[in-house]
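Heads up: the sequence shown begins at 1 in my numbering, then just goes up one per residue.
From the three backbone atoms N, C-alpha and C, an ideal C-beta is built for every residue, glycine too.
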Amino acid sequence: MLTFNEIVNLIGKYAIREWVVMASALVLINTDAGGEEEVYNKLRSMTEVTEVYVVYGVYDIVAKVELETMDKLRDFVTNTIRRLPKVRSTLTMIVMEDRSAVRK
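This is the structure:
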């Protein structure tokens with residue numbers, strides 16, 4: 001059986017992200033009235049945010065975030081997203097299994 005370092009050497013450092021399990025979540029965000037555009041623009045500039053949408057309904061924005069660990073994910077949502085100006089509240093849903101590539 002190969003060690004982690006041997007695997008890294010075999011497939012290269014740039015491909016390793018595909019092999020490592022990432023912590024993913026969908027973050028539903030309420031903003032102050034009229035704050036959607038500002039929050040959307042800040043989120044889309046963050047490398048941890050892989051998708052972001054302005055939506056109609058109970059929430060104003062839905063963002064998909066991916067980080068290396070659950071601790072980093074929790075810290076990012078708590079200390080970055082929730083502290084953005086005009087963010088009123090969030091609801092975080094942890095992704096258990098990503099089947100988004102099943103249908104195209």
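- Taking every protein chain shown into account, the CB of Ile-94 has fewer than 16 other CB atoms within 10 angstroms, so this residue is exposed.
- Taking the Cβ atoms as the reference, Glu-38 lies roughly 6 Å from Lys-86, within the contact range of under 8 Å.
- In the three-state reduction of the DSSP assignment, Val-49 falls in the strand class.
- In the DSSP assignment, Val-54 forms a beta bridge with Ile-61.
- Glu-36 and Asp-60 have their alpha carbons spaced roughly 7 Å apart.
- When the five nearest sequence neighbours on each side are left out, the beta carbons in the same chain lying within less than 6 Å of the beta carbon of Glu-48 are those of Val-65, Leu-67, Phe-76, in order along the chain.
- The distance from the Cβ of Leu-84 to that of Leu-28 is about 14 Å, inconsistent with a contact at the 8 Å cut-off.
- Apart from sequence neighbours up to five positions away, the residues of its chain that approach Leu-43 with a beta-carbon distance below 6 Å are Val-49, Val-52, Ala-63, ordered along the chain.
- Rounded to whole angstroms, Arg-74 and Ile-81 show a C-alpha spacing of 10 Å.
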